[in-house]
Amino acid sequence: MKEKKLKENKIITITAIINFIVAVLKITFGVLFSFSTLISDSIQSFIDFFTDIMSIVANRIGKRRANKTYPFGYGQVYYVANLITGFLLFLIGVFILYQFFFFTGTFTPSIKITIALLVVLLLKSIVVYLLNHYGRKYTSELMIESAKESKADFISTIVVLGVLLIAFFEEYIPSWINIDKIGSFGMALYVFYTSIKMMVLNVKGLLANDTENEELKQQIEQKLQKYEDIKLKKVKIIKMSSYYSVFLQIKTSDEMTIKEYIAYEKKIKSKLRSYNKLIRYIDVHPL
2 MKEKKLKENK IITITAIINF IVAVLKITFG VLFSFSTLIS DSIQSFIDFF TDIMSIVANR
62 IGKRRANKTY PFGYGQVYYV ANLITGFLLF LIGVFILYQF FFFTGTFTPS IKITIALLVV
122 LLLKSIVVYL LNHYGRKYTS ELMIESAKES KADFISTIVV LGVLLIAFFE EYIPSWINID
182 KIGSFGMALY VFYTSIKMMV LNVKGLLAND TENEELKQQI EQKLQKYEDI KLKKVKIIKM
242 SSYYSVFLQI KTSDEMTIKE YIAYEKKIKS KLRSYNKLIR YIDVHPL
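So the number in our numbering is just where the residue sits in the sequence shown, counting from 1, plus 1.
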């Protein structure tokens, strides 16, 4: 489990570095060529980078064992991290809208910026591939969700490329139509939609994360019935983002030694994780 976590964090770190490079390329070329749509899109890439960092931090905090202060673990940190990201994304949308009204630069399409966007698309495709491939390999919902966000950034960059290609034919477009402005406004609407959706989903997660999964609870009870030397007294399941934390209270026989108990605990954790890949954290407390 620890090795898997290290590999998961390593892949996310690599994609975070690529996302940062992509964001810097976008904002640099956006400012140099007064391309407000690309400047707006660069914010999406910076958010992707920030989300990767938040995922690594949340991963480290979320894996901590339950204690007296947090008897059901630190699963809520995933919702809190995503909620913060959603709020920041909303503020970014406000900035993009401000830029739409007050940005006065004149955009002139160029082959150089076209090549830069193609390089960006190549880098983003690498990010999506890494997150999807290793997300499936390590059964990591965290990486799979990050892949979806990176795919959204990839699509938004294609939209920017489309705006750029249309701008090459601006002489055939009425002068009162500003393609760059339209692209920037569309990007603002997209960011608002994404941020509000993210905040709503994670607020719901925070409010409903203590809802028991009765079906999973019964399945766990059935799986542990075969252990004759222990008796399951209580099962508590907490949904944490895409994963589950399972908290077990067991009664052991009086003759059981510490060594035997540790062996049983390892068997229980191994059995439950192999049974359901979404069970990430398991705490076993003997009575």
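Virtual Cβ for every residue (Gly too), placed ideally from N, Cα, C.
Among T158, F155, F101, which has the Cα closest to the Cα of K182? The count along the sequence shown starts at 1 and reaches residue 182 at position 181. Nearest Cα to K182 within the set T158, F155, F101: F101.
If the criterion is Cβ atoms closer than 8 Å, does the pair V161 and T29 meet it? As a first step, residue 161 is located in the sequence shown; it is residue number 160 there, counting from the start. As a first step, residue 29 is located in the sequence shown; it is residue number 28 there, counting from the start. Contact: no.
Whose C-alpha, out of S271, I280, M257, is nearest the C-alpha of Y245? To locate residue 245, count along the sequence shown from 1; it is residue 244. With respect to the C-alpha of Y245, the residue from S271, I280, M257 having the closest C-alpha is I280.
What three-state label does DSSP hand F96 in the structure shown? Counting from 1 along the sequence shown, the entry for residue 96 is found at position 95. Three-state result, F96: helix.
Could you tell me the boundaries of the alpha helix (DSSP H) in which T115 lies? On the sequence shown, residue 115 is found 114 positions in, with the first residue counted as 1. Note, T115: alpha helix (DSSP H), 112–138.
On the CB-based measure, 16 or more other CB atoms within 10 Å of its CB, does S254 come out buried or exposed? The residue labelled residue 254 in the question sits at position 253 within the sequence shown. So S254 ends up on the exposed side.
Are the CB atoms of F155 and L119 nearer to each other than 8 Å? Translated into the one-based positions of the sequence shown, residue 155 becomes position 154. Translated into the one-based positions of the sequence shown, residue 119 becomes position 118. One thing to note: F155 has its Cβ no nearer than 8 Å to the Cβ of L119.
Roughly how far, in whole angstroms, is the beta-carbon of I180 from the beta-carbon of I167, given that I think they are within contact range, below 8 Å? Residue 180 sits at position 179 when you count from the first residue of the sequence shown. Residue 167 sits at position 166 when you count from the first residue of the sequence shown. Contact flag correct, Cβ pair sits at about 5 Å.
Looking at C-alpha atoms only, which residue of T109, P110, I48 is the closest neighbour of A82? In the sequence shown, counting from the first residue as 1, residue 82 sits at position 81. Among T109, P110, I48, the Cα nearest to that of A82 is on I48.
Quick check on I13: does DSSP put it in helix, strand or coil? Stepping through the sequence shown from its first residue, residue 13 is reached at position 12. In the structure shown, the three-state DSSP call for I13 is helix.
Restricting to Cα atoms, I'd like to know which of V32, S41, M55 is closest to T14. Start at 1 with the first residue of the sequence shown, and residue 14 comes out as number 13. Comparing Cα-Cα distances from T14 to each of V32, S41, M55, the minimum goes to M55.
Q220, DSSP secondary structure in three states: In the sequence shown, residue 220 corresponds to position 219, counting from 1. Q220: helix per DSSP, three-state reduction.
What does DSSP give as the partner residue(s) for V285 in the beta ladder? The residue given as residue 285 occupies position 284 in the sequence shown. According to DSSP, which records beta bridges pairwise, V285 is partnered with L249.
Can you give me the C-alpha to C-alpha distance between P287 and Q219, rounded to a whole angstrom? Numbered from its first residue, the sequence shown carries residue 287 at position 286. Numbered from its first residue, the sequence shown carries residue 219 at position 218. Going from the Cα of P287 to the Cα of Q219 covers about 20 Å.
Going by DSSP, name the residue or residues bridged to K232. Taking the sequence shown and counting its residues from 1, one reaches residue 232 at position 231. DSSP links K232 through a beta bridge to K252.
Locate the alpha helix (DSSP H) running through I269, then write down its first and last residues. One-based indexing of the sequence shown puts residue 269 at position 268. That run of the alpha helix (DSSP H) goes 259–276.
If you compare alpha carbons, which of Y80, F36, E9 is closest to K205? Taking the sequence shown and counting its residues from 1, one reaches residue 205 at position 204. Closest option to K205, Cα to Cα, is Y80.
Test item: CB-CB of D42 and S126 under 8 Å: The sequence position of residue 42 within the sequence shown is 41, counting from 1. The sequence position of residue 126 within the sequence shown is 125, counting from 1. Contact: no.
Please report the straight-line C-alpha distance between Y139 and K8, rounded to a whole angstrom. Taking the sequence shown and counting its residues from 1, one reaches residue 139 at position 138. Taking the sequence shown and counting its residues from 1, one reaches residue 8 at position 7. Distance between the alpha carbons of Y139 and K8 is about 9 Å.
Quick one: is D230 buried, meaning 16 or more other Cβ sit within 10 Å of its Cβ, or exposed? Position 229 of the sequence shown, counted from the first residue, corresponds to residue 230. By the 10 Å Cβ count, D230 comes out exposed.
Between M199 and the rest of its own chain, which residues show a CB-CB distance below 8 Å, the 5 nearest in sequence each way excluded? Your numbering for residue 199 matches position 198 in the sequence shown. Answer for M199: N83, L84, T86, G87, L90, listed in chain order.
Minimum C-alpha distance to V128 - residue among Y99, K234, V192, I145: Against the sequence shown, residue 128 aligns to sequence position 127. Comparing Cα-Cα distances from V128 to each of Y99, K234, V192, I145, the minimum goes to I145.
What do you get for F103, buried or exposed, if any count of 16 or more other CB atoms within 10 angstroms of its CB means buried? Position 102 of the sequence shown, counting from 1, holds the residue named residue 103. Classification of F103: exposed, given that the 10 Å Cβ count is below 16.
Whether T115 touches L190 by CB criterion (8 Å): Locating residue 115 in the sequence shown gives position 114, where the first residue counts as 1. Locating residue 190 in the sequence shown gives position 189, where the first residue counts as 1. No.
Closer than 6 Å by C-beta to I44: which residues in its own chain qualify, once you throw out the five before and the five after it? Chain order, please. Taking the first residue of the sequence shown as position 1, residue 44 is located at position 43. The beta carbon of I44 is closer than 6 Å to those of I93 in its chain, skipping five residues each way along the sequence.
What is the rounded straight-line gap between the Cα of I18 and the Cα of S46? Stepping through the sequence shown from its first residue, residue 18 is reached at position 17. Stepping through the sequence shown from its first residue, residue 46 is reached at position 45. For I18 and S46, the distance between alpha carbons rounds to 11 Å.
A264: buried (16+ other C-beta within 10 angstroms of its C-beta) or exposed? For the purposes of this step, residue 264 is identified with residue 263 of the sequence shown, where counting begins at 1. Exposed, since its Cβ has fewer than 16 Cβ neighbours within 10 Å.
Does DSSP put I238 in a helix, a strand or coil? Counting from 1 along the sequence shown, the entry for residue 238 is found at position 237. It is a strand residue.
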